[in-house]
Amino acid sequence: MKKKLLYITREFNPTKKDGLSIRFSNTLDALTKEYEVHLLYIGNKENEYIMKESFDIKKISVFNLKKQKKIFSFLKTLTFGANYYKNLYGGKFNDYVINYILENDIDIVYVNYFYLTSFFTDKRLIHIKKIVDLIDAISLHMKEAKDVSFFRKLFYKLQRDSVLKSELEAVKISDLAFITTETEKKYLLEKNNNIKSGKIKILWNGVDKEIFDIGEAKIKNIKTKENHYKKKIAFLGSMDYYPNQIAVRRLIKNIFPKITDKIKNIELIILGKNPPQDIINMCKENHNISLLGYVEDLSEVLLNIDVLILPMTIASGIQNKFLTGLASATPTIITKRALFTNKLKPKIHVITAESDEDYIEEILNIYINKQNIKNISLNAYTFAKEYLDWNSVKKRFIQQINEVSEG
5 MKKKLLYITR
15 EFNPTKKDGL
25 SIRFSNTLDA
35 LTKEYEVHLL
45 YIGNKENEYI
55 MKESFDIKKI
65 SVFNLKKQKK
75 IFSFLKTLTF
85 GANYYKNLYG
95 GKFNDYVINY
105 ILENDIDIVY
115 VNYFYLTSFF
125 TDKRLIHIKK
135 IVDLIDAISL
145 HMKEAKDVSF
155 FRKLFYKLQR
165 DSVLKSELEA
175 VKISDLAFIT
185 TETEKKYLLE
195 KNNNIKSGKI
205 KILWNGVDKE
215 IFDIGEAKIK
225 NIKTKENHYK
235 KKIAFLGSMD
245 YYPNQIAVRR
255 LIKNIFPKIT
265 DKIKNIELII
275 LGKNPPQDII
285 NMCKENHNIS
295 LLGYVEDLSE
305 VLLNIDVLIL
315 PMTIASGIQN
325 KFLTGLASAT
335 PTIITKRALF
345 TNKLKPKIHV
355 ITAESDEDYI
365 EEILNIYINK
375 QNIKNISLNA
385 YTFAKEYLDW
395 NSVKKRFIQQ
405 INEVSEG
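Here the sequence shown is numbered in the numbering used here, starting from 5 and rising by one per residue.
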């Protein structure tokens, strides 16, 4: 008889291809193969149908968080400096979850996000195995955020220390915690020497087969010497995610103009859903920039560009666009802080840059040192194939879950 596992998360759409939706869809799917899974998600009941159709779930429960509650929590944070997440997800939510666990004889609780774990300390749940996917260290994200709006900067300043404390507490009260990168794991361990390293496991996002198919096609072109330069570079990332907006503005304003001075007729392609109006306007002003928005079939673009340029200043978390670059055998230039494991080596699997001048220099080098770039493409694809295939990622993930559930 399978153990009962309650999977708790904020609402996500399993049909979407953003990093979080991909991560949650795959972890949930993997768990349904091993456990009798109950799903409790925070969101709208209207989306319950798509969750039922997408996953083999025993039972779905929806907790509706009203918009007024979010506004009240935000205002309370700005006024009194109170912990936004505790205000938002304490009280009624905790009672709802605890009652569900007890009424349904749940054996294991798996939670996405640190701020949904405060009910872990309830004494009635002492026999329950508790697992949290932190995803990323939000306090580190807040620390990295520089070129942000006044209100976001104020909010981060008020919340960063409190969020870090809550993240460390979430690890402490859990039997197992996942996080995306070794950098973020190290960051949390340095903030609390009492946390055992083995309690935090690294959970990378995987990459879907269609991206590997692009990589295979690129590798074939390289080996048959058909990989000619197209004089096209690209940025890939959802434009409704503000770190991507910051990176694109930096690329358009500070980096690309210096490239066009050196390489005539080079084209910058920007891919990503929901670009803000200022980025739309900036792209219209430069005939060498193509803003494609959301593209269903990435192969049309990735097979016809020379390099991905990802000048991220906020580089914590999943960075799905970077994984796409690796698996598609597309040379990628990104900050060293985005290297999510020490197995990834600069100049072997990826090209790293920090300043605007670094990015400019490395882009120009792409068009000079052709053999080196081919080697990076081959090495990137080999790394991705070994470590980032979703089947391999899910196998490691389930092994780690089982060790805790059986312990």
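Note that beta-carbon positions come from the ideal geometry of N, C-alpha and C, so glycine has one too.
Here the structure is a predicted model, which is why all the values come from computation and not from measurement.
- Message: Using C-beta distances below 6 Å, list every residue in its chain close to Pro18, excluding the 5 sequence neighbours before and after it, in chain order.
- Response: Ser29 and Ser58, listed in sequence order.
- Task: Look at Ile364 and Ile267 and say whether their C-beta atoms are less than 8 Å apart.
- Result: No. Outside cutoff.
- Counting Cβ pairs, one atom from each stretch, are 3 or more of them under 8 Å apart for the stretch 231–241 and the stretch 262–276? Verdict: yes, contact present.
- Query: Curious, which full-length beta strand (DSSP E) runs of at least 3 residues does the stretch 229–253 contain?
  - Reply: 236–240, all fully within the stretch 229–253.
- Item | Cut-off 8 Å between Cβ atoms - residues of its own chain near His42, not counting five sequence neighbours on either side | Shown here for His42: same chain residues with a beta carbon closer than 8 Å to its own, the five before and five after excluded, namely Lys8, Leu9, Leu10, Tyr11, Ile61, Lys62, Lys63, Ile64, Ser65, Tyr104, Asn108 and Ile110 in chain order.
- Check whether the Cβ of Phe97 lies closer than 7 Å to any heavy atom of the ligand FMN, and answer yes or no. Ligands are entirely absent from the displayed structure, and the ligand FMN is therefore not among its contents.
- Item | Span of the alpha helix (DSSP H) around Asn175 | In the sequence under discussion, the amino acid at residue 175 is Val, which differs from the Asn named in the question. For Val175, the enclosing alpha helix (DSSP H) begins and ends at Phe154 to Lys176.
- Item | Cβ separation of Leu330 and Ala251, assumed to be a contact under 8 Å, to the nearest whole Å | That belief does not hold up - the Cβ atoms of Leu330 and Ala251 are roughly 18 Å apart, past 8 Å.
- Cβ-based burial, Thr184 [other Cβ within 10 Å; buried from 16]: Within 10 angstroms of the beta-carbon of Thr184 lie 16 or more other beta-carbons, which makes it buried.
- Message: Tell me which residue opens and which closes the beta strand (DSSP E) that Thr13 is part of.
- Response: Thr13: member of the beta strand (DSSP E) spanning Lys8 to Arg14, first to last residue.
- Report all residues from its chain with a CB closer than 6 Å to the CB of Gln404; omit the five preceding and five following residues, and keep chain order. The residues are Lys205.
- Item | alpha helix (DSSP H) segment containing Tyr363, residue limits | According to the DSSP assignment, Tyr363 belongs to the alpha helix (DSSP H) that extends over Asp360 to Ile370.
- Task: Going by CA-CA distance only, name the one from Lys134, Asp244, Pro335 and Lys169 that's closest to Leu374.
- Result: It is worth fixing the name first, because residue 374 is Lys in this sequence and not Leu. Restricting attention to Lys134, Asp244, Pro335 and Lys169, the CA atom closest to the CA of Lys374 is found in Pro335.
- Item | Secondary structure of Leu207, DSSP reduced to three states | In the three-state reduction of the DSSP assignment, Leu207 falls in the coil class.
- What are the boundary residues of the alpha helix (DSSP H) that Glu300 is part of? Neither: Glu300 is in no alpha helix (DSSP H) and is coded neither H nor E.
- Please name the residue in Leu368, Pro315 and Asn379 whose C-alpha comes closest to that of Glu357. The sequence shown places Ala at residue 357, rather than the Glu named in the question. When only C-alpha atoms are compared, the closest one is Pro315.
- To which residues of the same chain is Arg27 closer than 6 Å at the C-beta, ignoring the five residues directly before and after it? Contacts found: Asn209.
- Task: Name the residue from Asn51, Ile112 and Thr339 whose alpha carbon lies nearest to the alpha carbon of Glu407.
- Result: Nearest C-alpha to Glu407 among Asn51, Ile112 and Thr339: Ile112.
- Give the straight-line distance between the Cα atoms of Phe124 and Asp137, rounded to the nearest whole angstrom. Whole-angstrom Cα-Cα distance: 14 Å.
- At least 3 beta-carbon pairs within less than 8 Å: the stretch 190–206 vs the stretch 282–298: Flag = no, the stretch 190–206 and the stretch 282–298 do not touch.
- Lys37: which of Ser409, Gly411 and Lys398 sits nearest, CA to CA? For Lys37, the closest of Ser409, Gly411 and Lys398 by C-alpha to C-alpha distance is Lys398.
- Task: Note down the Cα distance separating Ile377 from Ile370, rounded to an integer number of angstroms.
- Result: Their Cα atoms are separated by approximately 6 Å.
- Counterpart residues of Pro350 in DSSP-defined beta bridges: Beta-bridge pairing links Pro350 to Val354.
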